[in-house]
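Undergrad:
Number of protein chains: 2
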Amino acid sequence: MLGEIIAIGDELTSGRITNTTSGFAAHHLFEAGFDIYAMHTIGDTPALIGEALKRALKRVDFVLVTGGLGPTDDDLTTQAVSEALNRPTMPNLELLSLIRTHLEENSDQPVGSLDKLAWLPEGAETLNPESKMAGFQLIHRDKPIFFLPGIPHQMRTLLVEEVLPRLATWYKGHQQTSRQRIYKIFGKTEQEINLQIEQINLGEDVTIGYYPVFPDVHLSIIVRGDDQETTQSQAGNAFGLIEKVLGDFIYGRDKETMASVLGGLLMEQKKLFSVAESCTGGLISHLMTSVAGSSSYFLGGVTSYANSMKETYLEVEPALLERVGAVSPEVAERMAQGMRRKSQADISISITGIAGPGGGSDEKPVGTVFIGLACDEKTEVQRFLFSGNRYEIQHKTAQTALNLVRHYLLTQ
Amino acid sequence: MLGEIIAIGDELTSGRITNTTSGFAAHHLFEAGFDIYAMHTIGDTPALIGEALKRALKRVDFVLVTGGLGPTDDDLTTQAVSEALNRPTMPNLELLSLIRTHLEENSDQPVGSLDKLAWLPEGAETLNPESKMAGFQLIHRDKPIFFLPGIPHQMRTLLVEEVLPRLATWYKGHQQTSRQRIYKIFGKTEQEINLQIEQINLGEDVTIGYYPVFPDVHLSIIVRGDDQETTQSQAGNAFGLIEKVLGDFIYGRDKETMASVLGGLLMEQKKLFSVAESCTGGLISHLMTSVAGSSSYFLGGVTSYANSMKETYLEVEPALLERVGAVSPEVAERMAQGMRRKSQADISISITGIAGPGGGSDEKPVGTVFIGLACDEKTEVQRFLFSGNRYEIQHKTAQTALNLVRHYLLTQ
């Protein structure tokens, strides 16, 4: 079953307000087994509203229209629909009486303007009028059209409580079942993943989407079918194949983040973790502590942005800094060891590098980063050269460092 | 001049990703004097892409298409456009050679799949190919069509740097003149700002937009007119009135951030700054170091997430922690003083609090935060109670702390 969504309002087409309601509706309709063919955002222009609605009715099974239902002069949806579908507006007696009662109880409000809300196209049925949220349904040539307010929380409530159940009843048995999983992948490009996925046969009912969500790639797998049991077993099969071919490059799924996955491993292995950051400037600490409960495995860290901080807090010898420079494997090694010793962590990592835009040289260009990992048995330092602007280099460095610790813990 | 925006991607019509790029484009086009007639979001369906494009070309002066330009199999925009406009794809030699060079330098990447990026519809002109962002322009029957990647930061860069100037040149003299300014405000709600703005008379040609951009409110002021001189003088007048009424609550404008504004003040006053963070977990360091050049005034900091870190790195006495607890004015004071002394900063701040969701008590509920500021002449501690989830409490705390230092420097 296919639908279209039409969002109405000059505040949307001028970009003053970001349209979040259409995406919300699409997401919930999709989950309920309905596909969205197209979503449109148009201004408060009656001719365009009518045209968009008529075109949608020709090609899909239901339409959701949001916005333009209020009492003010720029709310033109009802009138536009009335003209487009040739259904004259008439007063809805139930709504009219509710509005009159409301006005009697609130005598300071202007009479008259609210009456407009009670005039609906012929055949319209109100959605939950007691809640004082404008919204109605029309069945036009056997296809349901839903009109909801543009105010996000009202629209969301009516969508979930009224539209979804009505739609499910109207098209009972026509919507498909679906299962979805998102794999979070770090260290492979979209193209590389695509090439690997092409080599396995996932079956016709599986839809794959690639979404670069910097610095990761998210891989969306959707399996749809007519009955729940088949869908379930096809999904199990597809998920298994994908996990096998991408292996360890998948660091998490759905709502997991690199920091939450790493946190889970640290907790499981009862290891305490701390970080010494130079060019990432606190980003790694911030990512680790954005996970609730991180205090049980994350001790904290030092942002040793200035060289003096590396000496004072991380016990890096001034002579060494002088001799090899702050961005060097030797300093990365000392930073990780100093951090681990003084914080009494089981594992510590260190970051020293050049995030740019200034500070690069031929020998150590912008993007050069050394990452050290100190643990019980050893200290290892790796050199990287990341591309991008300051933001990108900092985020790639942070994700790479956390991933190194994840790998270390997985191979213990 | 009227335009339409078409965003392409199954991830948008399934509601998995919220479409933020269309709103961004509408906003910037509007500012530049172009109006948006309609915005469409459609899936990766070639027939629908072609239909939407052809219909738009009939009724508006330019079209912006985003998404579906990548190298993977679900990227179908170029092919769909080629068919709809009857312009066969052909290899763009400049792009092809760039891709070949890139592949030679990165021999681990799969050959072949990237070549797809170089096949463009006949007559297409690439936008900024050196930047490795897909994107091209077609002039079809005298109307420009722009194709941009769906990845938000790439799309935004190309829109601002390539599309807006090209559009302005193509339709030179046809758009209205406009001036816009964004004011960044912290510490007032939308409604509070609205009440203050209502008391001044800004004139008819001034459009005001309120955008809550957590934890700030951004106030957009747009002045439009037919000639540059009048617009300029009306804008000057409006900006002056707004700055007067909101005063110090405006911390910056346009692209400035709290950290960049604070950085400017530190640099100006030649002051060195460091931070001791507990519940913000490195966020303040991260914000400070996300500004290029911050090494000239930001020394670094300590994320003392565990109590042991407060003792080892910040010289907080174990007996004090035992007696009053880590979340207390006394500990905040010691943290700020310890940080300042040891890092040899001019100004240091300290944060200790409860970001939640766990850890709250009747006496110190979740959201309780102490912020300490130590400088040459004094150490001051303030208590706050922030509402919201973990993310919100951490970000409100960080912004409040930076704003405190800004105020301190402004009143020096």
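Read top to bottom, the protein sequences are chains A and B. For the first sequence, the working numbering begins at 2 and goes up steadily by one. For the second sequence, the working numbering begins at 2 and goes up steadily by one. Ideal placement from N, C-alpha and C gives every residue a C-beta, glycine not left out.
Answer yes or no: does any C-beta atom of chain A fall closer than 8 Å to that of B:HIS287?
TA: Walking along the second sequence from the start, residue 287 of chain B turns up at place 286. With 8 Å as the cut-off, B:HIS287 counts as an interface residue toward chain A.
Undergrad: Look at A:ASP255 and A:ARG225 and say whether their C-beta atoms are less than 8 Å apart.
TA: Position 254 of the first sequence, counted from the start, is the residue given in the question as residue 255 of chain A. Position 224 of the first sequence, counted from the start, is the residue given in the question as residue 225 of chain A. Taking 8 Å as the Cβ cut-off, A:ASP255 and A:ARG225 do not qualify as a contacting pair.
Undergrad: Quick one: measure Cβ to Cβ for B:THR178 and B:GLY339, integer angstroms, because I've assumed they're closer than 8 Å.
TA: One-based indexing of the second sequence puts residue 178 of chain B at position 177. One-based indexing of the second sequence puts residue 339 of chain B at position 338. About 56 Å separates the two Cβ atoms, so there is no contact after all.
Undergrad: For B:PRO122, count the other beta carbons within 10 Å of its own beta carbon; 16 or more makes it buried, fewer makes it exposed. Which is it?
TA: Position 121 of the second sequence, counting from 1, holds the residue named residue 122 of chain B. With 16 or more Cβ atoms within 10 Å of its Cβ, B:PRO122 is classed as buried.
Undergrad: May I have the straight-line CA-CA distance separating A:PHE31 from A:ILE37, to the nearest angstrom?
TA: The count along the first sequence starts at 1 and reaches residue 31 of chain A at position 30. The count along the first sequence starts at 1 and reaches residue 37 of chain A at position 36. Rounded to whole angstroms, A:PHE31 to A:ILE37 spans 7 Å at the Cα level.
Undergrad: In the DSSP assignment, find the beta strand (DSSP E) that holds B:THR79 and state where it starts and stops.
TA: Translated into positions along the second sequence, residue 79 of chain B becomes position 78. Counting along the chain, B:THR79 falls outside any beta strand (DSSP E), though it belongs to the alpha helix (DSSP H) covering 78 to 85.
Undergrad: In the DSSP assignment, find the unbroken beta strand (DSSP E) run with B:ILE198 in it and report its ends.
TA: Position 197 of the second sequence, counted from the start, is the residue given in the question as residue 198 of chain B. Run containing B:ILE198: none in the beta strand (DSSP E); it sits in the alpha helix (DSSP H), 191 to 199.
Undergrad: Report yes if the C-beta distance between B:CYS81 and B:ILE50 is below 8 Å; otherwise report no.
TA: The sequence position of residue 81 of chain B within the second sequence is 80, counting from 1. The sequence position of residue 50 of chain B within the second sequence is 49, counting from 1. Checking the sequence shown, residue 81 of chain B turns out to be Ala, not Cys. Yes, the pair counts as a contact, with Cβ atoms nearer than the cut-off.
Undergrad: Helix, strand or coil: which one does DSSP assign to A:MET40?
TA: Residue mapping note: residue 40 of chain A aligns to position 39 of the first sequence, counting from 1. A:MET40 falls in the strand class under three-state DSSP.
Undergrad: Please list the residues of the segment 387 to 404 of chain B that have a C-beta atom closer than 8 Å to any C-beta atom in chain A, keeping them in chain order.
TA: Under the 8 Å Cβ criterion, the segment 387 to 404 of chain B contributes ARG391, TYR392, GLN395.
Undergrad: Taking the Cβ atom as the reference point for each residue, do B:LEU266 and B:ARG407 lie within a distance shorter than 8 Å?
TA: As a position in the second sequence, residue 266 of chain B is number 265, starting the count at 1. As a position in the second sequence, residue 407 of chain B is number 406, starting the count at 1. Yes; because the gap between Cβ atoms is below 8 Å, this pair is in contact.
Undergrad: A:PRO358 touches chain B at which residues, Cβ-Cβ below 8 Å?
TA: In the first sequence, counting from the first residue as 1, residue 358 of chain A sits at position 357. Neighbours of A:PRO358 on chain B, chain order: ALA293.
Undergrad: Among residues of its own chain, excluding the 5 on either side of A:ARG142, which ones have a beta-carbon nearer than 8 Å to its beta-carbon?
TA: For this step, residue 142 of chain A is matched to residue 141 along the first sequence. These residues qualify, in order along the chain: LEU58.
Undergrad: Which first and last residues belong to the alpha helix (DSSP H) in which B:VAL262 is found?
TA: In the second sequence, residue 262 of chain B corresponds to position 261, counting from 1. Per DSSP, B:VAL262 belongs to the alpha helix (DSSP H) from 259 to 269.
Undergrad: Show which residues of chain B have a CB atom less than 8 Å away from the CB atom of A:GLU191.
TA: Counted from its first residue, the first sequence places residue 191 of chain A at position 190. Per Cβ cutoff of 8 Å: GLY71, PRO72, THR73.
Undergrad: Where DSSP assigns a beta bridge to A:ALA375, which residues make up the other side?
TA: Walking along the first sequence from the start, residue 375 of chain A turns up at place 374. Bridge partners of A:ALA375: A:SER349, A:THR380.
Undergrad: Below 7 Å on C-beta distance, what does A:MET259 contact in chain B?
TA: Indexing the first sequence from 1 puts residue 259 of chain A at position 258. Among the residues of chain B, none has a CB under 7 Å from the CB of A:MET259; the nearest is roughly 15 Å distant.
Undergrad: Could you tell me the alpha carbon to alpha carbon distance between B:VAL303 and B:SER23, rounded to whole angstroms?
TA: Locating residue 303 of chain B in the second sequence gives position 302, where the first residue counts as 1. Locating residue 23 of chain B in the second sequence gives position 22, where the first residue counts as 1. Spanning the two alpha carbons is a distance of roughly 41 Å.
Undergrad: What does A:GLN345 touch in chain B if you count any residue whose Cβ is under 7 Å from its own?
TA: For the purposes of this step, residue 345 of chain A is taken as residue 344 along the first sequence, with counting starting at 1. Result: SER309.
Undergrad: Would you report the Cα separation of A:VAL328 and A:ASP228, rounded to the nearest angstrom?
TA: Against the first sequence, residue 328 of chain A aligns to sequence position 327. Against the first sequence, residue 228 of chain A aligns to sequence position 227. Approximately 59 Å between the Cα atoms of the pair.
Undergrad: Could you give the first and the last residue of the continuous beta strand (DSSP E) run that contains A:PHE31?
TA: What you label residue 31 of chain A is simply residue 30 of the first sequence in a count that begins at 1. Note, A:PHE31: premise wrong, no beta strand (DSSP E); alpha helix (DSSP H) at 22 to 32.
Undergrad: In angstroms with no decimal places, state the Cα-to-Cα distance between B:ASP217 and A:TYR306.
TA: What you label residue 217 of chain B is simply residue 216 of the second sequence in a count that begins at 1. What you label residue 306 of chain A is simply residue 305 of the first sequence in a count that begins at 1. When rounded, the distance between both Cα atoms is 27 Å.
Undergrad: Using Cβ-Cβ distances below 9 Å, what residues of the segment 11 to 39 of chain A are close to chain B?
TA: Correct list: GLU12, LEU13, THR14, SER15, GLY16, ARG17, ILE18, THR19, ASN20, THR21, SER23, GLY24, PHE25, ALA26, ALA27, HIS28, HIS29, LEU30, PHE31, GLU32, ASP36, ILE37, TYR38, ALA39.
Undergrad: Are there three or more Cβ pairs, one per stretch, closer than 8 Å when the segment 156 to 165 of chain A is compared with the segment 11 to 30 of chain A?
TA: yes
Undergrad: Note down, in chain order, each residue of its chain lying with its Cβ closer than 6 Å to the Cβ of B:GLU381, except the 5 sequence neighbours on either side.
TA: Residue 381 of chain B sits at position 380 when you count from the first residue of the second sequence. Closer than 6 Å at Cβ, skipping near neighbours: LEU374.
Undergrad: Step through the CB atoms of chain A and report whether any lies within less than 8 Å of the CB of B:GLY339.
TA: On the second sequence, residue 339 of chain B is found 338 positions in, with the first residue counted as 1. Closer than 8 Å: no.
Undergrad: Please classify A:GLU316: does DSSP put it in a helix, a strand, or coil?
TA: Stepping through the first sequence from its first residue, residue 316 of chain A is reached at position 315. Looking at A:GLU316 - three-state DSSP - the assignment turns out to be coil, as it is neither helix nor strand.
Undergrad: Applying a beta-carbon distance threshold of less than 7 Å, which residues of chain A neighbour B:PHE299?
TA: To locate residue 299 of chain B, count along the second sequence from 1; it is residue 298. Per Cβ cutoff of 7 Å: TYR306.
Undergrad: Using the rule of at least 16 other Cβ atoms within 10 Å of the residue's Cβ for burial, across every protein chain shown, is A:LEU65 buried or exposed?
TA: Start at 1 with the first residue of the first sequence, and residue 65 of chain A comes out as number 64. So A:LEU65 counts as buried.
Undergrad: So, with DSSP's three-state summary, where would you put A:SER279?
TA: For the purposes of this step, residue 279 of chain A is taken as the residue at position 278 of the first sequence. Looking at A:SER279 - three-state DSSP - the assignment turns out to be coil, as it is neither helix nor strand.
Undergrad: At a cut of 8 Å, does the segment 182 to 200 of chain A reach the segment 270 to 281 of chain A through at least three beta carbon pairs?
TA: no
Undergrad: Since I believe A:CYS280 is in contact with A:ILE352 (beta carbons under 8 Å), could you give me their beta-carbon distance rounded to a whole number of angstroms?
TA: On the first sequence, residue 352 of chain A is found 351 positions in, with the first residue counted as 1. On the first sequence, residue 280 of chain A is found 279 positions in, with the first residue counted as 1. Indeed, because the Cβ distance is near 6 Å, the residues count as touching under 8 Å.
Undergrad: Look at B:GLY283 and A:HIS287 and say whether their C-beta atoms are less than 8 Å apart.
TA: Here residue 283 of chain B refers to the residue found at position 282 when the second sequence is read from its first residue. Here residue 287 of chain A refers to the residue found at position 286 when the first sequence is read from its first residue. Yes, they are a contact pair.
Undergrad: Which of the three DSSP states is assigned to A:LYS185 in this structure?
TA: Translated into positions along the first sequence, residue 185 of chain A becomes position 184. Residue state, collapsed to three classes: strand.
Undergrad: Using only the alpha-carbon positions, how far apart do B:THR231 and B:ARG182 sit?
TA: Indexing the second sequence from 1 puts residue 231 of chain B at position 230. Indexing the second sequence from 1 puts residue 182 of chain B at position 181. If you take the alpha carbons of B:THR231 and B:ARG182, they lie about 16 Å apart.
Undergrad: Spatial neighbours of A:ASP11 within its chain, please: C-beta separation below 6 Å, excluding the five flanking residues on both sides.
TA: Against the first sequence, residue 11 of chain A aligns to sequence position 10. Once the five neighbours on either side are set aside, the close Cβ partners of A:ASP11 are GLY44, ASP45.
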